[in-house]
Amino acid sequence: RVSDVLPLSALPVWTPSGQSAGEACYQVNEVLNSKISLFRGDITKLEVDGIVNAANKTLLGGGGVDGAIHRGAGPLLKKECATLGGCETGQAKITGAYGLPAKYVIHTVGPIAQGAVGDREREALCNCYRNCLDTATQNQLRTVAFPCISTGVYGYPPDQAVDVALTTVRKYLEKHHAKLDRVIFCVFLKSDEDLYQARLPVYFPQG
Ligand code: ADP
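The sequence shown begins at 379 in our numbering and counts up by one.
Structure follows, in structure tokens:
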């Protein structure tokens, strides 16, 4: 349940460089912080409006989080996915969630990095987060959970992916926070939880 995923609290004070500190900045951070959560566990269990699937271009299922989502949703998900004509890297497509507690699944295809990350991969990963959020808001979804896109089989270094995820979501929320109630970073591994705990205060500072 969304209500079980607690908002972040007790983040250290941070003064953004090149931005005027003070009341206005504090208010922005307070609004944005209240909409961000970190949850460690299985994304298929989350009762939210939309869960994001780190899919492949076929959208017909695979391993990792994709496999877990298709197993949980049941065969009707694959049937709907088969009508979508696949998905390009960085793009997003929405389907029903069938047997899952979420209302919708937003499928996105992350870049294949295999250790080497350049501007192209970085931009593609940015596009994944931004296009998923656009797809969510265009469909009136107010709570969205993201897995760590591309950091499994696709080999994007998790310590670099976390910054792409956080900066893209922060920028999106600055413009569109009125359209979203909560964005949940759903990490699966302890190592990713540690990375998010360390980096969240940089992008969603208190004060
Ligand atoms: P990709 O092909 O985009 O790399 P993977 O599914 O291989 O996708 O991995 C993406 C992330 O999803 C990894 O951090 C992996 O640990 C995580 N993951 C795997 N299963 C689940 C799940 N059930 N819920 C949430 N995250 C998961």
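Each residue gets a CB set at the ideal place from its N, CA and C atoms; glycine is no exception.
Neighbourhood of residue i by C-beta, 6 angstroms cutoff - its chain only, sequence neighbours within 5 removed
i, result
"Thr521", "Val380, Val426, Asp427, Asp559, Arg560"
"Leu462", "Leu437, Lys471"
"Leu416", "Phe563, Tyr574"
"Val580", "none"
"Ala576", "none"
Residues bridged to residue i (per DSSP)
i, result
"Leu410", "Leu410 is not bridged to any residue."
"Asn431", "His485"
"Ala523", "Ile429, Ile562"
"Phe417", "Cys564"
"Ala624", "Not covered by the structure: residue 624. The range shown for the chain is 379 to 585."
Same chain, Cβ closer than 7 angstroms to residue i, five either side skipped, listed in chain order
i, result
"Asn509", "Gly468, Gln469, Ala470, Thr486"
"Lys413", "Leu551, His555, Leu558, Asp559, Arg560, Val561"
Residue i versus the options, residue with shortest Cα-Cα distance
i, options, result
"Lys457", "Gly419, Tyr476, Pro535", "Tyr476"
"Leu424", "Tyr532, Gly440, Phe566, Phe582", "Phe566"
"Ala491", "Ile484, Leu503, Ile429", "Leu503"
"Gln518", "Lys557, Ala460, Ser412", "Lys557"
"Ile429", "Val531, Thr473, Pro583", "Thr473"
"Lys549", "Lys568, Phe582, Glu571, Phe524", "Phe582"
"Val547", "Val531, Pro535, Pro525", "Pro525"
Residues near residue i by beta carbon distance below 8 angstroms, same chain, minus five either side
i, result
"Lys435", "Gly464, Cys465, Glu466, Thr467, Val487"
"His554", "Leu511, Thr515"
Sufficient close CB pairs (3 or more, under 8 angstroms) joining the segment 490-499 to the segment 439-452: Contact between the segment 490-499 and the segment 439-452 is absent, because fewer than three Cβ pairs lie under 8 angstroms.
Inter-stretch contact at 8 angstroms, needing at least 3 Cβ pairs: the segment 511-519 / the segment 536-544: no
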